[in-house]
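*Asks:*
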Amino acid sequence: MVCAETALAFLNRNKLLYLDMLEPIRRGSAELLYAAGDGVLLYDRLAEVYMLGADTRPALDAMLPLMTGCTILTGHQLWYKEELAARFGFQIEQICYQSAWMEAQPPALLPFGGELKLLDRSWAQWVYDHYSHAFGGVEYMEGAMDRGMLGAFVNGQPAGFAGFHIEGAIGMLEVLPAYRRQGIGEALLRGVVSLALSRDQYAYGQVFIDNFPSLALQRRAGMTVSEDILFWLF
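For the sequence shown, counting from 1, position 143 maps to 126 in my numbering; every step adds exactly one.
1. Work out the CA separation of Gly126 and Gln108 for me, nearest whole Å.
2. Give the list of continuous beta strand (DSSP E) stretches no shorter than 3 residues that lie fully inside the segment 13 to 90.
3. In the DSSP assignment, find the unbroken alpha helix (DSSP H) run with Leu5 in it and report its ends.
4. May I have the straight-line CA-CA distance separating Gln88 from Ser181, to the nearest angstrom?
5. Using a threshold of 8 angstroms, state whether the C-beta atoms of Tyr80 and Leu2 are closer than that.
6. Given this structure, state the Cα-to-Cα distance separating Leu101 from Gly174, to the nearest angstrom.
7. State buried or exposed for Trp215, treating a residue as buried only when at least 16 other CB atoms are found within 10 Å of its CB.
8. Helix, strand or coil, according to DSSP, for Glu(-12) in the structure here?
9. Pro41: buried (16+ other C-beta within 10 angstroms of its C-beta) or exposed?
10. Considering Asp211, what are the terminal residues of the beta strand (DSSP E) in which it resides?
11. Using C-beta distances below 8 angstroms, list every residue in its chain close to Leu49, excluding the 5 sequence neighbours before and after it, in chain order.
12. With a CB to CB cut of under 8 angstroms and the five nearest residues on each side skipped, what residues in its chain are close to Leu92?
13. Below 8 angstroms between beta carbons: does that hold for Val32 and Thr51?
14. Quickly, what does DSSP pair Val158 with across the bridge? List them, please.
15. Please list the terminal residues of the continuous alpha helix (DSSP H) segment that includes Ala179.
16. On the DSSP bridge list, what partners appear for Ile153?
17. Quick one: what's got a C-beta closer than 7 angstroms to Met206's C-beta in the same chain, skipping five residues either side?
18. Can you tell me whether Phe118 is helix, strand or coil according to DSSP?
19. What does DSSP give as the partner residues of Glu98 in its beta bridges?
20. Compare the Cα-Cα distances from Gly154 to each of Met34, Ser115, Ile55 and Gly36 and report the closest residue.
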């Protein structure tokens, strides 16, 4: 039996970096596979992804046999990225900073001349068609509506949206070109942070390390951006 207290002690030593692992533990979708003072491995049954943090070679060696049928993972130290990519035959990588709301109180909502409203499944096709990084199909977007997606509306017209990925991260933030540079992106980000906090979720997201406009938006909205880097392998 893997000790949850040991896992939490390790993850909370760098809470900002490991919020993506703390969230599936919080919501009860995590299967803890390994926990020690030098690393944690879990499998998120909902997102079907392995998540690991390993400070030492022995910790990684103990984890590797437990990652059966691994098709997607996220790691939190770059020193083993290439080894895992080669071991599991991954071809795609994403390298990110973690961004999170770390304050005790939720952010103030930002006026932008419109309103934020929760979207239902009837918006799934539209969101998929207008998301510049569309993936997963309309079915994934329907799930995003179920998890809670906010739409920004100006004069009754949809201007943008933001929600939560299946693993719990804030994402899918998109502002339509005609409505950019009006504060709508920051309003949406603050809105989904507040929505996450109202549901006792961790309000976190991940930003590609070279996405400088998004990193600036995170900081402008009051998010804390990690100095450490994490990665995804597909």
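Note that the Cβ used here is the ideal one computed from N, Cα and C, for glycine as well. Here the structure is a predicted model, which means the values were calculated and not measured.
*Replies:* On the basis of the supplied data:
1. In the sequence shown, the residue the question calls residue 108 occupies position 125. In the sequence shown, the residue the question calls residue 126 occupies position 143. Each residue's Cα considered, the two are about 12 angstroms apart.
2. 13 to 19, 22 to 27, 32 to 37, 56 to 58 and 76 to 83
3. For this step, residue 5 is matched to residue 22 along the sequence shown. Note, Leu5: alpha helix (DSSP H), Leu2 to Arg10.
4. If you number the sequence shown from 1, residue 88 lands on position 105. If you number the sequence shown from 1, residue 181 lands on position 198. Taking the straight line from one Cα to the other gives about 11 angstroms.
5. Mapped onto the sequence shown, residue 80 falls at position 97. Mapped onto the sequence shown, residue 2 falls at position 19. Not closer than 8 angstroms, so no.
6. Position 118 of the sequence shown, counted from the first residue, corresponds to residue 101. Position 191 of the sequence shown, counted from the first residue, corresponds to residue 174. For Leu101 and Gly174, the distance between alpha carbons rounds to 10 angstroms.
7. As a first step, residue 215 must be located in the sequence shown, where it is residue number 232. With 16 or more other Cβ atoms within 10 Å, it is buried.
8. Position 5 of the sequence shown, counted from the first residue, corresponds to residue -12. Three-state DSSP puts Glu(-12) in a helix.
9. Residue mapping note: residue 41 aligns to position 58 of the sequence shown, counting from 1. Result: exposed.
10. Here residue 211 refers to the residue found at position 228 when the sequence shown is read from its first residue. Start and end: Thr207 to Leu216.
11. Against the sequence shown, residue 49 aligns to sequence position 66. Leu16, Tyr17 and Leu24, listed in sequence order.
12. Stepping through the sequence shown from its first residue, residue 92 is reached at position 109. Contacts found: Leu99, Ala170, Arg173, Gly174 and Ser177.
13. Position 49 of the sequence shown, counted from the start, is the residue given in the question as residue 32. Position 68 of the sequence shown, counted from the start, is the residue given in the question as residue 51. Cβ atoms of Val32 and Thr51: not closer than 8 angstroms.
14. Taking the first residue of the sequence shown as 1, we reach residue 158 at position 175. Note: Val158 sits in a beta bridge opposite Gly143.
15. Position 196 of the sequence shown holds residue 179. It spans Ile167 to Ser181 - the alpha helix (DSSP H) in which Ala179 sits, taken as one unbroken run.
16. In the sequence shown, the residue the question calls residue 153 occupies position 170. Answer is Phe147 and Gly188, bridged to Ile153.
17. Counted from its first residue, the sequence shown places residue 206 at position 223. Result list for Met206: Ser82, Ala83 and Trp84, in chain order.
18. Taking the sequence shown and counting its residues from 1, one reaches residue 118 at position 135. Here Phe118 sits in coil by DSSP.
19. The residue given as residue 98 occupies position 115 in the sequence shown. Phe136.
20. Taking the first residue of the sequence shown as position 1, residue 154 is located at position 171. Answer by Cα proximity: Ser115.
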